[in-house]
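Below is one structure, written out as C-alpha cells; the observations come after it.
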Amino acid sequence: MASRANGGVVAVVRRAGIVLVLGWLAVLFTAGAVQAAPAGADAPSQPAYLAEQLRHAPVYVSDQMPRVVPRSTAPAFAAEAKRLRVPTYVVVLPFTSSGSGSGLLAAIHDHLGRKGLYVAVSETGLSEVQSYGVSVPGAADAKTATLYELPYDATPREVFRHFVDLLTSGQAHQRAEAARAAYGGAENSHEPPALHTTQTDRENQSFLTGTLVAGVPLSALLITHHARGRRRPRPGSVLRRGWPLPVGAVALAGLLALAASQVFSDTSTGDGSVPTAADLRARIDRVSAGLRHDPLYVDPESPSPLDAAERAELRERLAALPVPVLVVALPSSMDDESGGDQDRLAAALHDRLHRDALFVTAELPSGYVSVADYGTHVDTSALYDASRDPAAGERDLSTLGPRLDKLLASIAKAPKTETAGAPLPPSPVEDPVAQRRLPGLFTGDFHPGLFIGALAALLLFGLVVTVGAILRALGRRGARAAAAAAAPVEPRPAWLRRTAREELAALTVALEPSTGLSEAARRRAWECLDAAALLIDGDSDGLIDDDATPASLACAIVLARVGRTAAREPSAATHVCHRNPLHGAATGPAGKRPAGGRGAAPRPVCAACRETPGEMLRLPGPDASGRRSHSPYPGHPGPLATLAKGTGIDQLTREVRESFGVN
Numbered sequence: 227m228a229s230r231a232n233g234g235v236v237a238v239v240r241r242a243g244i245v246l247v248l249g250w251l252a253v254l255f256t257a258g259a260v261q262a263a264p265a266g267a268d269a270p271s272q273p274a275y276l277a278e279q280l281r282h283a284p285v286y287v288s289d290q291m292p293r294v295v296p297r298s299t300a301p302a303f304a305a306e307a308k309r310l311r312v313p314t315y316v317v318v319l320p321f322t323s324s325g326s327g328s329g330l331l332a333a334i335h336d337h338l339g340r341k342g343l344y345v346a347v348s349e350t351g352l353s354e355v356q357s358y359g360v361s362v363p364g365a366a367d368a369k370t371a372t373l374y375e376l377p378y379d380a381t382p383r384e385v386f387r388h389f390v391d392l393l394t395s396g397q398a399h400q401r402a403e404a405a406r407a408a409y410g411g412a413e414n415s416h417e418p419p420a421l422h423t424t425q426t427d428r429e430n431q432s433f434l435t436g437t438l439v440a441g442v443p444l445s446a447l448l449i450t451h452h453a454r455g456r457r458r459p460r461p462g463s464v465l466r467r468g469w470p471l472p473v474g475a476v477a478l479a480g481l482l483a484l485a486a487s488q489v490f491s492d493t494s495t496g497d498g499s500v501p502t503a504a505d506l507r508a509r510i511d512r513v514s515a516g517l518r519h520d521p522l523y524v525d526p527e528s529p530s531p532l533d534a535a536e537r538a539e540l541r542e543r544l545a546a547l548p549v550p551v552l553v554v555a556l557p558s559s560m561d562d563e564s565g566g567d568q569d570r571l572a573a574a575l576h577d578r579l580h581r582d583a584l585f586v587t588a589e590l591p592s593g594y595v596s597v598a599d600y601g602t603h604v605d606t607s608a609l610y611d612a613s614r615d616p617a618a619g620e621r622d623l624s625t626l627g628p629r630l631d632k633l634l635a636s637i638a639k640a641p642k643t644e645t646a647g648a649p650l651p652p653s654p655v656e657d658p659v660a661q662r663r664l665p666g667l668f669t670g671d672f673h674p675g676l677f678i679g680a681l682a683a684l685l686l687f688g689l690v691v692t693v694g695a696i697l698r699a700l701g702r703r704g705a706r707a708a709a710a711a712a713a714p715v716e717p718r719p720a721w722l723r724r725t726a727r728e729e730l731a732a733l734t735v736a737l738e739p740s741t742g743l744s745e746a747a748r749r750r751a752w753e754c755l756d757a758a759a760l761l762i763d764g765d766s767d768g769l770i771d772d773d774a775t776p777a778s779l780a781c782a783i784v785l786a787r788v789g790r791t792a793a794r795e796p797s798a799a800t801h802v803c804h805r806n807p808l809h810g811a812a813t814g815p816a817g818k819r820p821a822g823g824r825g826a827a828p829r830p831v832c833a834a835c836r837e838t839p840g841e842m843l844r845l846p847g848p849d850a851s852g853r854r855s856h857s858p859y860p861g862h863p864g865p866l867a868t869l870a871k872g873t874g875i876d877q878l879t880r881e882v883r884e885s886f887g888v889n
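Quick note: to get my numbering, add 226 to the position in the sequence shown (first position is 1).
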C-alpha cells in the first residue's frame, strides 16, 4: 500500500509539472505574438471605437469640445435621454467628425448591435437621428423643428433637451410644419432670437445703461429747471425750492440703474456648463496614453485619414529614425482645450509625457501639418517644404499619408544643431471659465455711455430751448396778428359796423338769466350794453342805425367788450387802453407819475402797450379839407374822445347817457 501511495503522489506531481510547463509556454508564445504584431495595426475604426464606448454607457461626450460641451455634462444628456422611454444612444462629437449624412449612426449600430434611437449631436446642432428596431414616431419632425426653432447660439445640451421636449410633446409634426412656415424658405430665412447674452451684447447693454442713467435724469433736470425759471420766481425762491431737482435727478438715475441691473441680469453666457480641470485635460491624457505605446496616434473619434498600409509604413519609418518623433493626427477647433492652437497642443503633450521628441501634429480634417522640436536639436527650418504637396497644397487630407512619409524621410536627413532649442512658449490660452463670464453691467462701455448720455442730454436741452423759443415767437406773432385783427389801428367802416353787431350780440348772450352772473357783474355789463345801444341803435329796433358815425361804432365796440369783461370779472372793467380803446381793458398805467407830482398822471394802457406802446387808434372821417381819411380818435366828436384822457368806463357810460338825455 505504501508503494501504491507513493506512485499516486508521483503521478500528481508529474501532471502538475506538465500543466505548469504548458502554461509558461502559452504565456511566452502569446507575449511573443503580441510583441511581433505591429503596434496599433488593429486600431478600431471610428464606428467601432464609438460603439465600444456606447457599450459601457449609452451617452458618449467627446473630450474635444470642453469649452462648449464638457464631458462632465454626460449625466445631463443621459437624464434627458431617459425621458424618451426607449433605448437611446447619444454621441456628442465635433461636426467634422459627425457631419450630417455621413452614415455614422448606421455604422455604429452595426458594430453595437442594439435596438434603440441613435442620436448624433455636434456644436452646430443635431447631426443625425436614426431609429433601429424601435418605433419612435415624430423623430424626424422633432429634428426638423429643433433645427428651425433654435438659434445659432444654442449649445449641444440645449439642442438635445429641445429635441427631447419636442419628441415627448406629441406635437412634433405640427411644430415642424409651423417652423418651416416661420423660418424656412428664402422669404423667411431669418434666425430665431438668440438664447444667450454674448460679450458684445453685454458691451451694448453697458453702453445703453450708461446713456440712460446719465441722459434721462440730466435732461429732466435741465428742462425742468428751464421751465421753472421762465415763471419769474420771487428773489431767493430758486435757492429755497431748487434743491429737490438735483435730488430727484439722482434718485431717477438710481432707479434707472436698478432697473437695468434687473433687466440685464445675466452673469455668464452659454447654458451654465463650466468645464472642470478633468474636462480640460481629458484629451491630452488620452493622446498621451496612446503615444506612450505607439509613436503614431490617429484620433479614433474621427474618420481615419490613413489606411492600414499607410499606418504600418509610417510606424516602420518612425522606428528607423535616429531621433524620437511622435505623430498626432487630431481635430483642432476653438472649442478644444488648446483653443485650436497646434503649438499649445504640442507643448501640452510634451509637458504630460516628460519626453524629448519631435512632435508632428496633423490637423483634421484640413490636413495641415506642423512640427515642434523639444530637445532633439533637429533643424526644423529644413522641414518646412517636406510636409507640403506642391500639386495639392499643404491642407489636402487625401495626401496626408505621403506627406507624412516625406516629412519623416526629411527628418532622417535633417541636420542637427546644438543651438536649436525648444520653441517659444505659446501664448496663454483663455480661461474657459472667464470666457463664459460676462463683465459687470457697470463696467467697460458703461463709462463712455455716461459721457454720450450727458452729451445727448445737453443736445436735447438745446433743442428743447430752441424749439420752445421758436414756438413762443410764433405764438407772439400769432397773438399780435390776432390782436391786430381784433383791434386794427385804422379800421374800415364796414369792419366797425360788422364788429359792433357781433360784439353786441355776444354781450346780449352773456347777460342771459341762465349765465348765473353776480349782481355787480350784471349791473356793470347792462350799463355798458345800454350805453352801446344808445350810441348806434337810436330806434331801438335791434339794428345799427344807418347814420351811426365811426366814433359811435368804435365806442359801442369798446363798451360791448368791456361789458363782456365785466361779466367775467367786474373789478377788471374799470379802464380801457387810452392808446387804442379797441385793445380792451387796461392792466395799469403807462408809467409812474413824475417826481413832485407835477405833470399829467399816467394814463391806463393794456398789457401789450405797457411793454411796447402801440399806435393811436385812427378812425375814418372827413378832414379839414372835406376829404375822407383816418385821423386820431380824440379828434372825433363824441364820448369816445374822453378815453384819450384816461376816463374810466363808469364815467364813459354816464357821459353817453347824459349826451342822449338819459338819467
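Every residue, glycine too, gets a C-beta built ideally from N, C-alpha and C. Source: prediction; values computed, not measured.
Reduced DSSP secondary structure (H/G/I, E/B, other) of G847:
strand
Can you name the start and end residues of the alpha helix (DSSP H) that F585 belongs to?
Per DSSP, F585 belongs to no alpha helix (DSSP H); it is in the beta strand (DSSP E), A583 to L590.
Alpha carbon of T179 to alpha carbon of E563, nearest angstrom:
Limits of the chain in this structure are 227 at one end and 889 at the other, which puts residue 179 out of reach.
F303 and F891 - do their beta-carbons sit closer together than 7 Å?
Absent from the structure is residue 891, since the part of the chain shown begins at 227 and ends at 889.
State the start and end residues of the unbroken beta strand (DSSP E) segment that holds V595.
V595 to Y600
In this structure, does DSSP put E881 in helix, strand or coil?
helix
In angstroms, rounded to a whole number, what distance separates the CA positions of A440 and A708?
43 Å
CA-to-CA distance, N806 to A736, given in whole angstroms:
24 Å
So which of T423, A834 and R406 has the shortest CA-CA distance to H416?
R406
Give me, in chain order, the residues of the same chain whose beta-carbon lies closer than 6 Å to that of L343; leave out the 5 immediate sequence neighbours on both sides.
V312, T314, S357 and V362
Delimiting residues of the beta strand (DSSP E) encompassing E354:
G351 to Y358
Could you give the distance in angstroms between the alpha-carbon of L434 and the alpha-carbon of A486?
9 Å
Tell me, please, which residues DSSP counts as bridged to L556.
E589
Taking the alpha-carbon positions, what's the H894 to A680 distance?
Nothing can be reported for residue 894: it is not among the residues displayed for the chain, which extend from 227 to 889.
For the segment 279-315, which segments carrying the beta strand (DSSP E) assignment without a break, of at least 3 residues, lie completely within its bounds, in sequence order?
285-287
What are the start and end residues of the beta strand (DSSP E) that includes A269?
Per DSSP, A269 belongs to no beta strand (DSSP E) and is neither H nor E.
Any idea which residues DSSP pairs L522 with across the strands?
V553
Using the DSSP secondary-structure output, state which residues sit across from L575 in a beta bridge.
L575 pairs with nothing; no bridge assigned.
Below 7 Å between beta carbons: does that hold for P382 and P557?
no
Would you mind stating whether S636 and L667 have Cβ atoms separated by less than 7 Å?
no
Opening and closing residue of the alpha helix (DSSP H) in which P858 lies:
Looking at the DSSP string, P858 is not in any alpha helix (DSSP H); the run it does join, the beta strand (DSSP E), is R854 to P858.
For A538, the residue or residues it bridges with in DSSP
Answer is none; A538 lacks a bridge partner.
Apply the 10 Å Cβ neighbour rule to S395 and answer buried if 16 or more other Cβ atoms are within range, or exposed otherwise.
exposed
Under 8 Å: do the segment 679-695 and the segment 742-758 share three or more Cβ pairs, one atom per stretch?
no
In chain order, each alpha helix (DSSP H) run of at least 4 residues that lies wholly inside the segment 353-427
365-375, 382-395 and 398-409
Compare the Cα-Cα distances from D336 to each of A283, A277 and T372 and report the closest residue.
A277
Would you tell me roughly how many angstroms separate the C-alpha atoms of T734 and A682, rounded to the nearest one?
56 Å
Using 8 Å as the threshold, is the segment 482-499 in touch with the segment 416-432, meaning 3 or more CB pairs across them?
yes
Since S348 sits in a beta bridge, which residues does DSSP pair it with?
G351
Proximity winner among R854, V655, L755 and V604, relative to T879 (alpha-carbon distances):
L755
How should H809 be labelled, buried or exposed, when 16 other C-beta atoms within 10 angstroms of its C-beta is the threshold for buried?
buried
Expected contact under 8 Å - CB spacing of E375 and P418 to nearest Å:
6 Å
Give every residue of the same chain whose Cβ lies closer than 7 Å to the Cβ of T643, excluding the five residues on either side of it in the sequence, and list them in chain order.
H603 and D605
Check for me: the alpha helix (DSSP H) holding D169 runs from which residue to which?
Since the displayed the chain opens at 227 and closes at 889, residue 169 lies outside it and no answer follows.
Is the CB of L547 under 7 Å away from at least one CB in chain B?
Protein chains in the displayed structure number just one, and chain B is not present.
Under the assumption that G601 contacts E536 (Cβ atoms under 8 Å), give the Cβ distance between them as a whole number of angstroms.
So it is not a contact: roughly 28 Å between Cβ atoms.
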